[in-house]
Structures are given as structure tokens and as C-alpha cells.
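The block underneath contains the structure these notes are about, expressed in C-alpha cells.
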Amino acid sequence: MRRSSKTAGAKKVSKETQDKGKARQKKRRRDLSLLPTMPLDIIFAICSILTPRDLINLSRVDANFCRTLTANNVSFVWKAVREAEGGIEPPQDIPEYRWVDLLFGVSACDVCDARHVRVDWMLRRRICKRCLKPNLIYGPRVAKLFPGADAEVLSLIPHTNTGITTISNSSRFYWAPDIDDTIDKLDRLKADHKPDSPKHLRGFINERKNLVEDILKHAKKCLEWKAQYEATKADESEQLMGERYQEITSRLLELGYTQDDMSAIRWCNSVRKSAKLTSSSWKKILPGLEDTIAQDRDMVAKHEYSRALLRRTDILKTLYTTYQRGFVPSVWKQMPPYMDVCMFAAFKTVLESPTKDQITESSFSRAMEELPNLIAAWQQDRAIGVRNLVVAELSSLVSTTVDTTTLAICVFGCNRCYNYSGTYTDLWRHRCFLHRSYIYWDFGFQNIDSFYECRGSGDVIFDIRRSAMASYLVGMVSREPAATTIQEMDSLGDAFLCMDCPVNMFRLSGGNILFGRPLLTWRQCITVHLHNGPTKVRPLTTEEQSKLQEVDLDPDMSSTWSCQYCSEYLEQWATHESVNRHVQDVHGVDDPVIERDLFVAPGYAHGRHHKVLRALEFQKPPGYVYPYHV
Numbered sequence: 033m034r035r036s037s038k039t040a041g042a043k044k045v046s047k048e049t050q051d052k053g054k055a056r057q058k059k060r061r062r063d064l065s066l067l068p069t070m071p072l073d074i075i076f077a078i079c080s081i082l083t084p085r086d087l088i089n090l091s092r093v094d095a096n097f098c099r100t101l102t103a104n105n106v107s108f109v110w111k112a113v114r115e116a117e118g119g120i121e122p123p124q125d126i127p128e129y130r131w132v133d134l135l136f137g138v139s140a141c142d143v144c145d146a147r148h149v150r151v152d153w154m155l156r157r158r159i160c161k162r163c164l165k166p167n168l169i170y171g172p173r174v175a176k177l178f179p180g181a182d183a184e185v186l187s188l189i190p191h192t193n194t195g196i197t198t199i200s201n202s203s204r205f206y207w208a209p210d211i212d213d214t215i216d217k218l219d220r221l222k223a224d225h226k227p228d229s230p231k232h233l234r235g236f237i238n239e240r241k242n243l244v245e246d247i248l249k250h251a252k253k254c255l256e257w258k259a260q261y262e263a264t265k266a267d268e269s270e271q272l273m274g275e276r277y278q279e280i281t282s283r284l285l286e287l288g289y290t291q292d293d294m295s296a297i298r299w300c301n302s303v304r305k306s307a308k309l310t311s312s313s314w315k316k317i318l319p320g321l322e323d324t325i326a327q328d329r330d331m332v333a334k335h336e337y338s339r340a341l342l343r344r345t346d347i348l349k350t351l352y353t354t355y356q357r358g359f360v361p362s363v364w365k366q367m368p369p370y371m372d373v374c375m376f377a378a379f380k381t382v383l384e385s386p387t388k389d390q391i392t393e394s395s396f397s398r399a400m401e402e403l404p405n406l407i408a409a410w411q412q413d414r415a416i417g418v419r420n421l422v423v424a425e426l427s428s429l430v431s432t433t434v435d436t437t438t439l440a441i442c443v444f445g446c447n448r449c450y451n452y453s454g455t456y457t458d459l460w461r462h463r464c465f466l467h468r469s470y471i472y473w474d475f476g477f478q479n480i481d482s483f484y485e486c487r488g489s490g491d492v493i494f495d496i497r498r499s500a501m502a503s504y505l506v507g508m509v510s511r512e513p514a515a516t517t518i519q520e521m522d523s524l525g526d527a528f529l530c531m532d533c534p535v536n537m538f539r540l541s542g543g544n545i546l547f548g549r550p551l552l553t554w555r556q557c558i559t560v561h562l563h564n565g566p567t568k569v570r571p572l573t574t575e576e577q578s579k580l581q582e583v584d585l586d587p588d589m590s591s592t593w594s595c596q597y598c599s600e601y602l603e604q605w606a607t608h609e610s611v612n613r614h615v616q617d618v619h620g621v622d623d624p625v626i627e628r629d630l631f632v633a634p635g636y637a638h639g640r641h642h643k644v645l646r647a648l649e650f651q652k653p654p655g656y657v658y659p660y661h662v
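For the sequence shown, this note's numbering gives the first residue as 33, with consecutive numbering after it.
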């Protein structure tokens with residue numbers, strides 16, 4: 033097949049492009065092979081203006097560079113580099129190139145090249161923990177590992193007070209190779225029988241002792257210098273990063289971004305650099321910065337919308353509470369919680385308005401006009417739903433002529449929190465969110481549905497287990513479960529004992545102590561004591577009735593109580609004592625009774641199902657310390 037001219041042309045262009053690319057690659061390639069052939073004075077002049085790290089790297093390129101740059105007569109190059117960087121003077125026994133490496137080199141282990149290793153200025157080495165373990169010897173263990181190393185020998189060897197895991201000024205750690213070298217040197221000098229050998233031995237000992245003393249003094253100076261150097265470098269780096277940030281900020285502002293957007297990129301890795309911003313680096317980091325700003329704008333918008341929802345629901349709650357105050361408690365207790373009101377379409381539309389809309393109390397005026405009808409519809413829907421639940425569960429047990437919602441065996445619960453149980457007339461009491469510990473973290477919602485999911489209550493369900501427990505209790509008192517009402521069971525008062533409960537300690541009115549179990553109402557049995565099983569609960573016997581004793585009740589200081597006659601305490605719940613006094617003074621009730629004259633607020637519970645707590649004495653088990661029950 034004949035090749036078309038178009039294809040051939042494309043092939044030719046492609047080949048030319050490849051040739052140009054290869055030429056550019058060759059042009060970009062650089063090597064240092066010609067550098068050693070240059071005059072030494074030029075090489076040294078170039079090296080003298082390098083940074084310490086660059087000079088160290090250059091000296092390790094190959095053997096030629098190493099020999100040239102580490103020669104004794106080239107120390108002036110290293111000295112110039114060190115002084116330009118502000119490095120401390122080296123000790124006399126360490127060459128300049130080695131000292132520059134300790135001061136400014138890569139923080140790599142001298143033995144294994146492990147990274148992020150600090151210099152031990154007493155040992156004058158950079159050693160990682162893994163290499164320290166076989167080589168660093170604790171002072172008291174030296175004699176065991178090196179029999180010839182007595183105290184006199186150790187005085188000739190540099191030591192450090194930094195161990196592998198400990199740091200102590202009183203501890204001494206020695207580098208094992210130093211111990212070997214010192215012992216070998218001493219053995220050679222002692223074995224030498226020349227006339228001047230004792231003189232050489234004394235000179236060596238004095239020299240080593242002076243060296244050890246100088247090392248310890250110099251190490252302290254090195255530590256001080258290192259701290260000051262790092263602080264200076266940190267300040268310089270921070271200043272350079274600040275200049276880079278200002279340059280980036282000015283360029284972003286020129287592109288149309290605002291000052292508020294700058295907080296989003298302030299701590300980005302591409303911004304927190306000390307390198308100078310160039311045109312190429314700007315092109316490289318700009319897309320990432322724009323993505324970060326876009327994400328931040330989205331997050332801020334969501335946060336502002338969430339805060340707007342919170343403010344609006346607070347406004348609605350105030351309006352709704354004011355509306356409820358126009359009714360007596362027996363009426364407003366059967367109204368929906370304000371979270372359910374938020375879900376009404378008329379209110380939901382206002383609440384979910386855009387963030388820019390200024391929502392005030394007047395914004396809800398039209399919805400508030402519809403509120404009575406909305407509440408009536410909500411109550412009707414709930415009543416129908418609840419009755420359907422009851423019919424589905426109890427239709428085979430109860431006559432159709434009986435109002436099943438009034439029966440004691442008609443017990444409801446919640447499908448979300450599972451910690452609520454109650455009768456039909458008590459459904460107003462339950463609030464899921466008051467029992468959920470993460471209510472304070474629910475600030476990220478973006479609509480009323482998610483808001484309700486977090487703070488609203490679950491759906492009402494028929495509680496089969498508690499209904500069975502109620503049926504068991506009704507039968508235990510010789511009554512018919514299919515006909516016994518809630519009111520009849522309430523009239524029994526505290527008539528049951530839970531034998532699975534531990535024996536508790538109670539205070540009697542005279543100050544004496546009673547060990548026993550409290551009497552329970554049937555409501556307490558189906559809620560708190562359900563987990564114990566029906567066989568653990570029983571009614572009092574005739575003999576036990578005569579042995580009951582009244583125990584003292586501690587004052588209930590929780591602000592969870594309200595008046596049954598007026599709405600003064602609505603959403604401003606008070607203590608039992610305060611409301612009790614209010615009922616006496618304002619409403620003229622001499623002896624207020626719970627549920628008749630005052631009640632606990634929706635969403636809360638209390639243990640005072642009867643005016644006086646009674647308990648039956650039981651034997652105290654030996655060896656157990658009890659807290660007071662009340």
C-alpha cells in the first residue's frame with residue numbers, strides 16, 4: 033500500500049521533533065568532569081562562595097573531589113564557608129572539613145546513614161540509636177566488658193551523659209571504639225622499653241586528660257551555638273516565608289480574589305516555603321491554591337448557612353413558646369415539639385431560605401396564622417398512627433368496644449433511642465435529643481431534615497416487650513389484661529418488688545440506716561426494671577405489708593419541673609421545691625401532688641412516682657459497701 037504524503041509529512045515532523053528534543057536533553061546535561069582540570073585557585077574561589085551543604089556534597093562527588101577538598105592545605109576554603117555561615121571555631125584535634133560537616137551537614141548517622149540524627153557534641157559524632165546500642169557503654173559496665181579499663185583509663189576517654197533512652201548529668205557513657213583505641217595505645221607505650229618511654233606515656237596521659245577536659249568545655253559552647261543558630265535560621269526562614277506569602281497574596285488579589293480568601297492558603301505547603309517565588313513556581317502552585325480557595329469558600333458558605341438555620345430555628349422557637357403560653361399545660365403538652373413545627377412545610381420554606389435573606393419574626397407571620405390548623409392535623413395524624421399500631425398488635429386480645437389506648441398493656445416506645453416507654457397519654461413526655469450526647473456536635477446540617485434527624489424525636493412504635501411485662505404485672509395482681517386500664521394500675525401505687533435489684537442503703541427519718549429494696553410502681557417495673565425479666569418482679573405479700581418502712585427523700589435540685597395550672601415555667605423549668613411553693617402560694621393548693629398539681633418537663637424523667645418512698649428490709653450481704661440510695 034502506498035504511503036500518503038500526509039502521513040509521510042507527519043512522520044517527518046515527528047522525527048524532527050524527536051531530534052530537537054534529544055538535542056535539548058544533551059544541552060541540559062551537565063557534569064563536573066572538567067572541574068578538576070581547572071586551576072586550583074579558581075576551584076577554591078568557587079568553593080569558597082558555596083553554602084556549607086553544597087561544599088560537603090561536592091567533596092563527596094568522587095575520589096578526586098574528596099582528595100582535593102579534604103587536603104590539609106585546603107582548610108582555608110572550609111574555614112571561609114564556616115565563617116560565612118556563622119559557625120563556631122573547631123577544636124584543634126578536628127579538621128575543618130569534618131567540623132563543617134558536624135555543624136551544617138545532613139543529619140545522617142555516621143555509621144548507617146539513618147536520617148534525622150542529632151550531633152552528640154561530647155562524642156563529636158552523629159550516631160543513631162540503633163548504632164549506639166552496640167557501641168555506647170554505660171560507665172559501670174565498662175569494667176566487665178573491658179577488663180583493662182580502670183578508672184584511670186576512663187579518665188582519658190571522652191564521655192557523654194546522653195544514653196540511648198536516658199539523659200543524666202551524673203551518668204557517663206563511653207564510645208566502645210574509643211575505649212579499645214585508648215587501651216591499645218596505653219599497652220603499646222607500656223610495652224615499649226626505650227629509655228624515653230615513660231616520658232611518652234606521661235605525655236600521652238596528660239594530653240588525653242587535657243583533651244577530655246577541652247571536649248567537655250567545648251561541648252557546652254557548641255550546644256549554646258546550635259540553639260542560637262537554629263533560632264536565627266528559624267527567624268530567617270519565617271521572614272522568607274512571610275515575604276513569599278505576601279507575594280502570593282498580592283498576585284491572587286490581582287486575579288480578583290479577596291482578602292478573606294487569603295486565610296485559606298496561609299498554611300498551605302506551597303506557601304509555607306522559604307524559597308523565592310518565581311514565575312515558573314507561581315504557575316505550578318496556582319491551580320492548587322485556587323482549588324484550596326474554592327474548597328474554603330464552599331466550607332464557609334455551608335458554615336454560614338448552618339449558622340443561619342440555627343438563628344432562624346431559635347427565632348421560631350421563641351415564637352412557638354410565646355404561642356404555647358396562651359394555653360394551659362394540659363393543652364400545650366399535647367402540641368408537637370418545636371422541632372416538629374420546623375418540619376411543617378409553611379415554616380420549613382422560611383427556615384431554608386438562602387443565607388442572604390434576613391429572616392425575622394415577621395417572616396413567620398403567615399405560617400403562624402396557619403399554625404392552629406397545622407397542629408390539629410399533626411395531632412390527628414399521630415392519633416391515627418398510634419391507634420393503627422395498637423390495632424395491629426392487640427386486636428386479637430381486646431374487644432373492639434374497648435378503647436385500647438387506655439389499657440395498661442398498651443405501651444409505646446421510640447424507634448430511635450429505645451430508652452423511652454410510656455402510655456398513650458404520656459407520649460408528649462418524650463424527646464430523643466435530650467438523651468443523645470452528640471447534640472453539641474450537630475452544627476454541620478444544611479437543611480431542616482438533617483437538623484431534625486439530629487435533634488428531633490424518633491417514630492412512635494408499639495413496645496412489645498414492655499407490653500408483655502405490663503400484661504404479666506396485671507395478671508400478678510389478679511386482674512384481666514384485656515380490660516385493666518392505666519388508671520386502675522396507677523391506683524395500686526407502689527405494690528411491687530424487684531428481687532434482682534441489689535440491697536441498697538437508705539436513710540430513715542430518725543437518722544437510722546435501713547438495708548433493703550425499694551417498692552416500685554408498675555410504671556417503674558416496665559421501664560427501669562424491664563431488663564431483669566418478669567420472673568424477678570413480684571407483688572408484696574400480706575406479711576411484708578406490715579414490715580414496710582418510710583425512707584427519707586433527698587431534695588430534687590434539678591430544674592426540670594413545671595406547674596400543672598399555668599404556663600409560667602414553660603421552657604423555663606424550675607426545681608421541684610420552687611414549683612411546689614408556687615402551686616401553694618399562687619394556686620392555693622396546700623399539699624401539691626405530682627402529676628396532679630406539678631409535673632416534670634417533657635424529655636426528662638424523675639424517680640418520684642409516689643409522695644413517700646417505702647422500702648422493705650433485706651439482709652445485707654457481707655463484705656459489700658453500699659452508697660446511699662436516696
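We treat Cβ as the ideally placed atom computed from N, Cα and C, and that holds for glycine.
What you are looking at is a predicted structure, and each value in this text was computed from that prediction instead of being measured.
Closest residue to residue i among the options (Cα-Cα distance)
i: Y277; options: T264, I297, D267 and L287; result: I297
i: R448; options: I480, V492 and M501; result: V492
i: L403; options: H608, T433, T392 and Q356; result: Q356
i: L155; options: H148, D142, R147 and R162; result: D142
i: D346; options: G358, C446, F483 and D293; result: F483
i: T438; options: A633, D458, E268 and I518; result: I518
i: F396; options: Y352, C98, V93 and R85; result: Y352
i: K334; options: N479, V618 and P634; result: N479
Residue i, enclosing beta strand (DSSP E) - first and last residue
i: E649; result: L645 to E649
i: S594; result: W593 to C595
i: Y16; result: The requested residue 16 is not part of the displayed model; the chain covers only 33 to 662.
Enclosing alpha helix (DSSP H) for residue i [first to last residue]
i: I169; result: Run containing I169: none in the alpha helix (DSSP H); it sits in the beta strand (DSSP E), L168 to Y170.
i: I416; result: S397 to L426
i: W364; result: P361 to W364
i: C486; result: I480 to R487
i: P319; result: S311 to Q356
Status (buried if at least 16 other CB within 10 Å, exposed otherwise) for residue i
i: F108; result: exposed
i: G119; result: buried
i: L645; result: buried
i: V611; result: buried
i: P361; result: buried
i: A647; result: buried
i: N536; result: buried
i: K315; result: exposed
i: L177; result: exposed
i: V138; result: exposed
Span separating the alpha-carbon of residue i from that of residue j
i: E582; j: L540; result: 7 Å
i: L551; j: S591; result: 26 Å
i: K241; j: C79; result: 37 Å
i: N201; j: V332; result: 53 Å
i: T198; j: K652; result: 54 Å
i: H641; j: F538; result: For H641, the predicted model reports a pLDDT of 49, less than 50, meaning its position is unreliable; a value from the coordinates is still stated below. Cα to Cα, H641 sits roughly 17 Å from F538.
i: Q291; j: A340; result: 23 Å
i: I496; j: T516; result: 17 Å
i: E425; j: F494; result: 8 Å
i: F379; j: V422; result: 31 Å
i: Q604; j: I280; result: 53 Å
i: F650; j: F547; result: 6 Å
i: L318; j: R304; result: 14 Å
i: D213; j: L188; result: 11 Å
i: C595; j: F477; result: 35 Å
i: L248; j: K258; result: 15 Å
i: H608; j: D522; result: 22 Å
i: Y221; j: E262; result: Correcting the residue type first, residue 221 is Leu in the shown sequence and not Tyr. Roughly 44 Å between the two C-alpha positions.
i: E184; j: I211; result: 12 Å
i: K265; j: Q271; result: 10 Å
i: R158; j: C486; result: 57 Å
**Study point:** Three-pair Cβ contact test at 8 Å for the stretch 121-135 versus the stretch 225-234
**Key:** no
Review point. Is it a yes or a no for the stretch 371-388 touching the stretch 504-513, going by three-plus beta-carbon pairs under 8 Å?
Key: no
Point to revise | At least 3 beta-carbon pairs within less than 8 Å: the stretch 618-634 vs the stretch 378-398 | key: no
Review point. Taking one C-beta from the stretch 148-168 and one from the stretch 205-218 each time, how about it: are there three or more such pairs within less than 8 Å?
Key: yes
Review point. Between the stretch 262-278 and the stretch 293-312, do at least 3 Cβ pairs fall closer than 8 Å?
Key: yes
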